[in-house]
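Notes follow the structure.
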Amino acid sequence: MWFLCMFFHRLLDYRKTEVESLAELFGAFGDRDRDRDDEENKLLLEWRLPLHHHPGLSFPFRILVKGLYEVWGEGGSYEELEESIRSYPDERKLPYLNSGSTFKITVDTFGKVISFQEQNHRIKGLAYIPFKGRVDLRNPEHKFWLMETDDYGVNNGLPPMVQRRIFFGREVGGADRKLLPTYQLKSRTYLGPTAMDAEMAFLMANQALARPGKLVYDPFVGTGSILIAAAHFGAMTMGADIDIRVVRDGRGPDCNVWSNFKQYGLPMPVALLRADNNLPPWRPGLKEIFDAIICDPPYGVRAGGRKSGGRKLLKGTVDPYTVPDDKRTDHIPSTGSYCLAECVHDLLDLAAKMLIMGGRLVFFYPVLREDYVENHFPGHPCFKLIATSEQILSSRYSRVLLTMVKISPYTEEIAEAAQIRHIEFRENHLKWLEDGNLHSAVFTPTDPQLIAAGDSKLSKDPKPKYRGKYV
Amino acid sequence: MRLLTHNMLSSNIKGVSNGFPLRIEVEKVIEKHVDFNADFLRNMFPKIEWKAFVDAAKTIGYAELPEEADSSMLDSDEFLNKFHHALLELHLEEGGLVCPETGRRFPVSKGIPNMLLHEDEV
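In the order they appear, the protein sequences are chains A and B.
Each number in the numbering used here corresponds to the 1-based position in the first sequence with 4 added.
Each number in the numbering used here corresponds to the 1-based position in the second sequence with 1134 added.
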């Protein structure tokens, strides 16, 4: 059976990947309708899915799916719609129209606004459907939707719409966006400068297939904003951070990572520890223990990464030294900057080793929009990239949510190659820091002389920007 | 810090070849209730170094675990309950983890193990 899946018009890149993950999680369906799965429809909000069983029950958490509908009819005009509804089999329709039931019809439009009178008029136009039940607007048993998309023809910052299309269908599942006000960052006690937005954190946890009985790890846990979403979906969580003040102290006894979990009545993380992603403290034989790794690595734009080893030591301005024995106990080890390339390398190596087969690695990767090339992302022989979703952050850079699945085991050769690379990063610390400097690319003011000279890169934008709407 | 974490950690000081298991120095142990999830326990069981786990449990005052365990025991509720309690409900709140080879002490404070290395250990 086919269902129409309507999305909220936001985070466009993330919508399909969300449904795909949910499908994977609940084993709901097979092939999608490829005909409609085109570039144009990325901007529309419909996507047809064949569902093997009742989807309303199997989709307990959705963020971007507005609803799933059993389509009774569709057409380019109301005449076509009527014909299509009339030819839809009675045995699918009549059980929902009987006299004992209550129902409600909602008119929904995309790309235009229609008045209340017009809406009523359209509902009355559906009189050819033999509704026998009673209308109940508050708490109906059956919800029907009349949905209209239209070519609004005016330039409102959105790309041109597809042609007029009308659908009539029965709702089989609605979105659970009530989650979002509950978890919104502004009401959370303990926040850091780069705490992950609640909606995005839920999408990440969905991508990671977080669910009860699974162990999810975040090596850059910070205030725990990503793990909170994973914990909401029932997973066991574990987090590490190099900054001990964040994981241990927070801002006091009632304002720390633990209290964030307590605030929502979620189970506490099974572990929080202070560790360095560059030199993880896991015991040598330990592997394939995490079901998913989700994180937002520090990419040096709003927050930079740190790793062990003094910054002067790494730069080579001081020679290696020994911490005197009497000072060891309270010694605070200094850290140095950790460039993105090295950070991502370490993350992939850690994930390749520590994820179970089929486990997922979900993380954000920043790209400069000027030289953004589709599918040019870090890779690893153990992983297959299955989804990329871009979120534009400014005219200069965006971040892309990468979802990878572990498809082959971590071998000796891979471990050796990773070790060689690890040493290479260490020995060329300064070079890597300069190469991977995203901060300057994002924040350096544009040179007015270049604009005056008509520099092609700056004057013509290679990619259309729908910032604001295209969020 | 739960014993699950202890079972995963080792001393990764440069040159140390056998940093596992870390010896536990106990100052304060607390118990916290955790919801029982048998699937999670079954997933974790094969990853656990059992001997280190039993020893660690004894160190923090829980001696109910069998010395040897194999996966057939996962069918027993009694075993699962003990395993659950030792793995997830006992916390080393204050204390330390000591590297078996060098004697370096990694402090555990407010339940958070501090595994960061000094400049001369990396």
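All C-beta atoms in this analysis are idealised placements derived from N, C-alpha and C, irrespective of residue type, glycine included.
Fair warning: this is a prediction, and the values are worked out from it, not measured in the lab.
*Taking the beta strand (DSSP E) that Asp295 (chain A) falls in, what are its first and last residues?*
Element bounds for Asp295 (chain A): Phe294 to Cys299.
*How about Gly363 (chain A) and Asp300 (chain A): do their beta carbons lie closer than 7 Å?*
no
*Any idea if Gly340 (chain A) is buried or exposed, counting beta-carbon neighbours within 10 angstroms, 16 or more meaning buried?*
Taking a 10 Å sphere around the C-beta of Gly340 (chain A), we find 16 or more other C-beta atoms and assign the residue as buried.
*Nearest candidate by alpha-carbon position, reference Glu1198 (chain B), set B:Leu1175, B:Val1188, B:Phe1240 and B:Leu1222*: B:Val1188
*Flag this pair as yes or no: are the beta carbons of Phe387 (chain A) and Tyr369 (chain A) separated by less than 7 Å?*
no
*Out of curiosity, what's the CA-to-CA distance linking Val322 (chain A) and Gln267 (chain A)?*
46 Å
*Buried or exposed: Asp350 (chain A), going by 16 or more other Cβ atoms within 10 Å of its Cβ?*
buried
*asked:* Classify Tyr132 (chain A): buried if its beta carbon has 16 or more other beta carbons within 10 angstroms, exposed otherwise.
replied: Exposed: under 16 other Cβ atoms inside 10 Å.
_Cβ-based burial, Gly313 (chain A) [other Cβ within 10 Å; buried from 16]_ = Under the 10 Å beta carbon count, Gly313 (chain A) is surrounded by 16 or more other beta carbons and is classified as buried.
*asked:* Suppose the cutoff is 6 Å on Cβ atoms and the five residues either side in sequence are ignored; what does the same chain contact list for Pro216 (chain A) look like?
replied: In the same chain as Pro216 (chain A), and ignoring 5 residues on each side of it, the C-beta atoms closer than 6 Å to its own belong to Gly238, in chain order.
*asked:* Mapping the DSSP letters down to three states, classify Val348 (chain A) as helix, strand or coil.
replied: helix
*asked:* So for Lys116 (chain A), helix, strand or coil by DSSP?
replied: coil
*asked:* Between which two residues does the beta strand (DSSP E) holding Ile360 (chain A) run?
replied: Leu359 to Leu372
_Segments assigned alpha helix (DSSP H), at least 4 residues, entirely inside the region 89–137 of chain A_ = 94–97 and 120–128
_Along the region 1234–1251 of chain B, where does the CB come closer than 7 Å to a CB of chain A? Name the residues._
Ser1243, Lys1244, Ile1246, Pro1247, Asn1248, Met1249, Leu1250 and Leu1251
*asked:* Cβ closer than 9 Å: which chain B residues qualify as neighbours of Thr227 (chain A)?
replied: Correct list: empty, because the minimum Cβ distance to chain B is about 14 Å.
*Counting contacts by CB-CB distance shorter than 7 Å, is Val446 (chain A) in contact with chain B?*
no
*Interface residues of chain B around Trp286 (chain A) at Cβ under 9 Å?*
Met1142, Leu1143, Ser1144 and Asn1146
*According to DSSP, is Glu74 (chain A) helix, strand or coil?*
If DSSP states are grouped into helix, strand and coil, Glu74 (chain A) belongs with the strands.
_Quick check on this structure: which residue in A:Val305, A:Pro328 and A:Cys259 has the alpha carbon closest to the alpha carbon of Leu445 (chain A)?_
The identity of residue 445 (chain A) in the sequence shown is Ala, whereas the question assumes Leu. The shortest C-alpha to C-alpha distance from Ala445 (chain A) to any of A:Val305, A:Pro328 and A:Cys259 is the one to A:Val305.
*Quick one: what does DSSP say Arg252 (chain A) is sitting in, helix, strand or coil?*
helix
*Taking the C-alpha atoms as reference points, what is the distance between Gly243 (chain A) and Ala214 (chain A)?*
15 Å
*asked:* For a test of the three-state rule: what should DSSP assign to Pro324 (chain A), helix, strand or coil?
replied: coil
*Check whether the Cβ of Ile336 (chain A) lies closer than 7 Å to any Cβ atom in chain B.*
no
*Assign Pro59 (chain A) to one of three DSSP states: helix, strand, or coil.*
Confidence at Pro59 (chain A) is low in this model, with a pLDDT of 44, below 50, so its placement is unreliable and no value can be given for it.
*asked:* Please tell me whether Pro324 (chain A) and Met1249 (chain B) are closer than 7 Å, where the distance is taken between their beta carbons.
replied: The answer is no: Cβ separation not under 7 Å.
*Thinking Asp154 (chain A) and Lys116 (chain A) are a contact (beta carbons under 8 Å), I'd like their distance in whole angstroms, please.*
With a Cβ gap of about 5 Å, Asp154 (chain A) and Lys116 (chain A) count as contacting.
*For my contact list, Val1163 (chain B) and Leu1226 (chain B) are in at a C-beta cut-off of 8 Å; report their separation, rounded to the angstrom.*
6 Å
*Do the region 421–431 of chain A and the region 399–406 of chain A touch if we need at least three Cβ pairs shorter than 8 Å?*
Between the region 421–431 of chain A and the region 399–406 of chain A, the count of Cβ pairs shorter than 8 Å is below three; the stretches do not touch.
_From the DSSP secondary-structure annotation, give me the bridge partner or partners of Val69 (chain A)._
A:Phe11
*What three-state label does DSSP hand Asp42 (chain A) in the structure shown?*
With a pLDDT of 41 at Asp42 (chain A), under the threshold of 50, the predicted position of this residue should be treated as unreliable, and no value is reported.
*For Arg1157 (chain B), return the contacting residues in chain A, with the cut-off set at a CB-CB distance below 9 Å.*
What Arg1157 (chain B) touches in chain A: nothing, since even the nearest Cβ is about 14 Å away.
_Residues that Ser312 (chain A) contacts on chain B, provided the C-beta gap is smaller than 7 Å_ = Among the residues of chain B, those whose CB is under 7 Å from the CB of Ser312 (chain A) are Leu1250, Leu1251 and Val1256, following chain order.
*Neighbourhood of Lys302 (chain A) by C-beta, 6 Å cutoff - its chain only, sequence neighbours within 5 removed*: According to the sequence displayed, residue 302 (chain A) carries Pro and not Lys. Gly308 and Gly309.
*Give, in chain order, every residue of the region 1195–1212 of chain B whose Cβ lies closer than 7 Å to some Cβ of chain A.*
Against chain A - using a Cβ distance shorter than 7 Å - the region 1195–1212 of chain B contributes no residues.
_Chain-ordered chain A contacts of Lys1181 (chain B) [CB-CB under 9 Å]_ = Among the residues of chain A, those whose CB is under 9 Å from the CB of Lys1181 (chain B) are Leu290, Lys291, Glu292 and Ile293, following chain order.
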